[in-house]
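Residue numbers (the UniProt record's numbering): 1 to 415.
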């Protein structure tokens, strides 16, 4: 069991509140990552020692199985450094980033435990802000409104926006949680519908312009699962059913009337090429299968980020590439952390107690992420570990925006 410590009585100068604000600022700027270390990393790392200055008392953070996963992850990642044959500093940098990812997970879990529903709302809203900013920049670059707009594309052909990220395949998955949060707000609160409708639209356009097939599949799976949960929730069932019928009806009508024009326009287009199998897809899968044999030959890994230098291949699978680089047991530690969080959300969802809808929200994202991680490498994604951390929150309300407030300070999280 991992424990954290906090008591408001000793936090006489407001260190705890200051650390919380640094964390939120880090999330709000998490879209500015074209150059790393990024501003979000600086803000996050400033918030951690500030949090340590607050008065503390025992509070359970994660359980024994998650602690085992963290130990395996950290210990065997460091052990894999002894296997490095070249570019040692590259591997050291990779391990530092991976430990930093675990820190993001634990700090997010702490805030989600301590502030519960209010932390969930704040985290998702900050990510909606970040997603909106990066989507707007990407869309404006695509329209060629911004000066030097080519820097916001992946290549000189201006085919896929990366906006303020290094890669469209990272930008796309980053936008999923903001988009899902905006859609939830859109359905939940009629008074804010006109506010969140354009936000959801901008996020969706930004996601489409990444032309990231994995992110598209991730989005479809995630939205489908969460909307099933919303259909099962009495207060949102009618709105979701009505919205679903409206979208399907409009799509059917448009396809029926303009089918020839639509398919004619798409034929030979970049979109049609992206949704079809590419010549390099078979090579990607061959690299994954080839890496499975390297895992057996190097059970303790070849060193973080070393697979491309040692074998000249890039296995686009988070679990496989992490096992080849850091070793089987380090990968097993990550698997434990990920699936322990997913299992917690699954149990909380099917228990049906107040707050289950937030666990369903996180579970839907994790289900989509799992599918995505089998075709891309995502072990260094900040938003991945934020999602895992949210799984350990104490949520007691099924609403996203309209939360019941209390005059008393947040109570100690339950064990």
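Built from N, CA and C at the ideal position, the CB exists for glycine as well.
Beta-carbon contacts of residue 407 that lie in its chain and below 8 angstroms, excluding the five residues immediately before and after: Note that residue 407 scores a pLDDT of 39, beneath 50, so its modelled location is shaky and nothing firm can be said.
Distance between residue 168 and residue 329 (C-alpha atoms, nearest Å): 30 angstroms
Cβ-based burial, residue 317 [other Cβ within 10 Å; buried from 16]: buried
First through last residue of the alpha helix (DSSP H) which encompasses residue 66: 64 to 79
Reduced DSSP secondary structure (H/G/I, E/B, other) of residue 442: The requested residue 442 is not part of the displayed model; the chain covers only 1 to 415.
Contacts around residue 298, its chain only, beta-carbon distance under 8 angstroms, and the 5 residues preceding and following it disregarded: 83, 324 and 327
Neighbour-count burial assignment, residue 359, 16 or more Cβ in a 10 Å radius: buried
Which listed residue (333, 349 and 307) has its alpha carbon closest to that of residue 90: 307
Alpha-carbon to alpha-carbon, residue 197 and residue 186: 6 angstroms
Spatial neighbours of residue 284 in its chain, beta-carbon cut-off 6 angstroms, leaving aside the 5 residues before and after: 316
Inter-residue Cα distance where the pair is residue 221 and residue 145: 33 angstroms
Alpha-carbon spacing of residue 18 relative to residue 287, whole angstroms: 46 angstroms
Classification of residue 351 by the beta-carbon crowding that lies within 10 angstroms, buried from 16 upward: exposed
Residue interval of the alpha helix (DSSP H) (run including residue 83): Residue 83 -> no alpha helix (DSSP H), and no H or E assigned at all.
Three-way DSSP call (helix, strand, coil) for residue 433 in this model: Outside the displayed span of the chain (1 to 415) sits residue 433, for which this structure offers no information.
Under 7 angstroms between C-beta atoms of residue 391 and residue 365: no
Short Cβ contact (7 angstroms threshold) for residue 61 with residue 122: no
Beta-ladder partner(s) of residue 153, from DSSP: 161
Residue range of the unbroken alpha helix (DSSP H) whose run includes residue 91: 88 to 115
Chain-order list of residues whose beta-carbon lies under 6 angstroms from that of residue 39 (same chain, five-residue window excluded): 29 and 32
Close-in-space but distant-in-sequence residues of the same chain around residue 225 (CB under 8 angstroms, 5 per side omitted): 360, 363, 364, 367 and 368
Beta-carbon proximity check, residue 393 vs residue 112, cutoff 7 angstroms: yes
Short Cβ contact (7 angstroms threshold) for residue 69 with residue 337: yes
Candidates 194, 135 and 388: closest to residue 66 by CA position: 388
Residues near residue 136 in its chain [Cβ-Cβ closer than 7 angstroms; skip 5 each side]: 202
DSSP state of residue 402 mapped onto helix, strand, coil: coil
Best match in 349, 36, 15 and 322 for proximity to residue 166 [C-alpha to C-alpha]: 36
Exposed unless 16 or more other CB atoms sit within 10 angstroms - verdict on residue 416: Limits of the chain in this structure are 1 at one end and 415 at the other, which puts residue 416 out of reach.
Rounded straight-line distance, which links the Cα of residue 213 to that of residue 371: 12 angstroms
For residue 244, the three-state DSSP class (helix, strand or coil): helix
Test item: CB-CB of residue 333 and residue 80 under 7 angstroms: no
Rounded C-alpha distance that separates residue 141 from residue 44: 29 angstroms
7 angstroms Cβ cutoff met for residue 215 and residue 172: yes
Length of the line joining the Cα atoms of residue 238 and residue 231: 7 angstroms
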